[in-house]
Structure formats: structure tokens, C-alpha cells
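Using the numbering used here, the first residue of the sequence shown is number 1, and each one after it goes up by one. What follows is a single structure, written as C-alpha cells, with notes after it.
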Amino acid sequence: PEAGGMTVELFGSCAYGLDFGDSDLDLVVVGWDALRESDELLSNPTYVLHRLAQYLRAADGVRVDKVLDKARVPVVRAVVDTAAWHPMGPLVKVDISLDCAGHSGLAAAALCERLVSRLPELAPAALAVRCLLAAAGLNDAYTGGLPSYAVLLMVFYSRLHAKRSAEHRLRSRGFRSER
1 PEAGGMTVEL FGSCAYGLDF GDSDLDLVVV GWDALRESDE LLSNPTYVLH
51 RLAQYLRAAD GVRVDKVLDK ARVPVVRAVV DTAAWHPMGP LVKVDISLDC
101 AGHSGLAAAA LCERLVSRLP ELAPAALAVR CLLAAAGLND AYTGGLPSYA
151 VLLMVFYSRL HAKRSAEHRL RSRGFRSER
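Structure follows, in C-alpha cells:
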């Protein structure tokens, strides 16, 4: 949605199909820095996120769990009760960040979308690794775990390395690839 020149964009595992049923929605507010013109305090992303958290706490059906303001990319973690829109609606975890220096979520999502669309076999392998990480409690980047982006890149590199190793073994045995 767009408001006052700002948009909210989806990134993270849900943006490129590596989400689980209980995955959070990673949202980034783009264009928020236009607010600087109205108030100097609004040029500070941490201040803006705390104000956003304050606003969300007053909203029905939203519980703000925490504001991670010391992270490289500060984020508001919240849970939204979607029952207001759908009687059987689940609770949805949401991480909201601001597009600022160091935020690479949209670029990472675009890269992951390209990788998954060109190499569809990456998604099931990455989901399997994510399941193992989740079972060990290592799937949350904000608590030291690996984000889906990193998992997908590791699986991609592993596939690339395996293909190159196989080609090298064939060449060392006298076979030439037909290109």
C-alpha cells in the first residue's frame, strides 16, 4: 500500500516462496525518509520505529513483541490477529523495518526470486535445510540464526560447486563437454 509517498514492500522468505506456514512477514517501509522535511526527529530510523511501535500498540488486534533497535537493520516485531478480517484467521508474525542504509532486503529478495525461478530445484533443498535449522532453533537471523536468503545462497553454491566438480572429474578422465 502507498501513503504519502511511502510504500510497504514484502521481502524475505515469503517474497520468494521459502516460507513455512508460521513464517513471519518481512515488510520494509520505502520512502519514509520524506518525513524528514516535517520533523528533524523523523530522520532517525530508530525514533521512527519506536513511534511506529507506539502506534501499533494502540491498534486493535496488534501486539508489539519488541523493537530491535540495536540490530544492524532496526525492526519492529509484532503479531497481528487477522481474525478481524477473517473469522478463522491466524496470528501472523510481522517484522517491519525501514528502507535505510544497510537494508538489503529488497535486493536480496529480487536475487532469490531470480535464482528460484531459474533453478526451481533450489527451493525444495533450501526448504529442507530451513526445516533442519528451525528444528534446532537456528532460523532467526536476529538471534544468531541463518535467514532464508543465506540458506538459499548456500544451497545454490553447493549445487554450483557439485556441478563444477563433476565436470572437472569428467574432463580429468578424458571426457569433453559439448557446449
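Heads up, the beta-carbon is just placed ideally off N, CA and C, and yes, glycines get one too.
Check your understanding: Say the cut is 7 Å; is the CB of Asp-69 nearer than that to a heavy atom of the ligand SAH?
Key -> The ligand SAH is not part of the structure shown, which contains no ligands of any sort.
**Study point:** For Ser-43 and Val-73, the rounded distance between their alpha carbons
**Key:** Walking along the sequence shown from the start, residue 73 turns up at place 73. Walking along the sequence shown from the start, residue 43 turns up at place 43. The straight-line gap from Cα to Cα measures roughly 15 Å.
Check your understanding: Expressed to the nearest angstrom, what Euclidean distance is found between the alpha-carbon atoms of Lys-70 and Val-28?
Key -> Taking the first residue of the sequence shown as position 1, residue 70 is located at position 70. Taking the first residue of the sequence shown as position 1, residue 28 is located at position 28. Answer to the nearest angstrom: the Cα atoms are 17 Å apart.
Check your understanding: Ala-126 and Ser-148 look like a contact to me (Cβ under 8 Å); what is the Cβ gap, rounded to whole Å?
Key -> Here residue 126 is taken as the residue at index 126 of the sequence shown, counted from 1. Here residue 148 is taken as the residue at index 148 of the sequence shown, counted from 1. With 8 Å as the limit, Ala-126 and Ser-148 qualify as a contact, their Cβ atoms being about 7 Å apart.
Review point. Are the stretch 78–85 and the stretch 97–104 touching by the rule of at least three beta carbon pairs closer than 8 Å?
Key: The stretch 78–85 is not in contact with the stretch 97–104.
Point to revise | Any 3 or more C-beta pairs closer than 8 Å across the stretch 6–21 and the stretch 132–149 | key: When Cβ pairs closer than 8 Å are counted between the two stretches, the stretch 6–21 is seen to touch the stretch 132–149, the count reaching three or more.
Point to revise | Contacting residues, own chain, Cβ-Cβ under 7 Å from Val-116 (five flanking each side not counted) | key: By one-based count along the sequence shown, residue 116 stands at place 116. Cβ within range, chain order: Tyr-16, Gly-17, Leu-122 and Ala-123.
Review point. Can you name the residues that DSSP bridges to Lys-163?
Key: For this step, residue 163 is matched to residue 163 along the sequence shown. None, per the DSSP bridge assignment.
Practice item. Give the DSSP bridge partners of Ala-110, in chain order. Key: By one-based count along the sequence shown, residue 110 stands at place 110. Bridge partners of Ala-110: none, in fact.
Review point. Which residues mark the beginning and the end of the beta strand (DSSP E) in which Val-67 is found?
Key: The sequence position of residue 67 within the sequence shown is 67, counting from 1. Its beta strand (DSSP E) spans residues 62–68.
Review point. For Lys-93, which residues of its own chain have a beta-carbon under 6 Å away from its beta-carbon, when the five flanking residues on both sides are left out?
Key: The count along the sequence shown starts at 1 and reaches residue 93 at position 93. Excluding sequence neighbours, Lys-93 sits near Asp-24 and Val-79.
Review point. With distances taken between CB atoms, is the gap from Arg-76 to Ala-108 smaller than 8 Å?
Key: Along the sequence shown, read from residue 1 onward, the residue named residue 76 stands at position 76. Along the sequence shown, read from residue 1 onward, the residue named residue 108 stands at position 108. According to the sequence shown, residue 76 is Val rather than Arg. Taking 8 Å as the Cβ cut-off, Val-76 and Ala-108 do not qualify as a contacting pair.
Practice item. Under 8 Å by Cβ, that's how I've got Gly-61 and Gly-31 pegged, so tell me the actual separation to the nearest angstrom. Key: Here residue 61 refers to the residue found at position 61 when the sequence shown is read from its first residue. Here residue 31 refers to the residue found at position 31 when the sequence shown is read from its first residue. Not quite, the Cβ-Cβ distance comes to about 26 Å (not below 8 Å), so this is no contact.
Check your understanding: Can you pull the DSSP bridge partners for Leu-27?
Key -> Taking the sequence shown and counting its residues from 1, the one referred to as residue 27 is at position 27. Answer by DSSP bridge pairing, in chain order: Leu-10 and Ile-96.
Check your understanding: How would you call Ala-141, buried or exposed, if buried means at least 16 neighbouring beta carbons within 10 angstroms?
Key -> Within the sequence shown, residue 141 is the residue found at index 141, counting from 1. Result: buried.
Exercise for review: Could you check what DSSP says for Val-73 in three-state terms: helix, strand or coil?
Suggested key: Numbered from its first residue, the sequence shown carries residue 73 at position 73. Coil.
Practice item. Could you work out which residue in Glu-167, Lys-163, Arg-169 and Ala-134 is closest to Phe-20 when comparing CA atoms only? Key: One-based indexing of the sequence shown puts residue 20 at position 20. Out of Glu-167, Lys-163, Arg-169 and Ala-134, Ala-134 has the C-alpha closest to the C-alpha of Phe-20.
Check your understanding: For the alpha helix (DSSP H) that contains Tyr-47, what are its first and last residues?
Key -> The residue labelled residue 47 in the question sits at position 47 within the sequence shown. Its alpha helix (DSSP H) spans residues 45–57.
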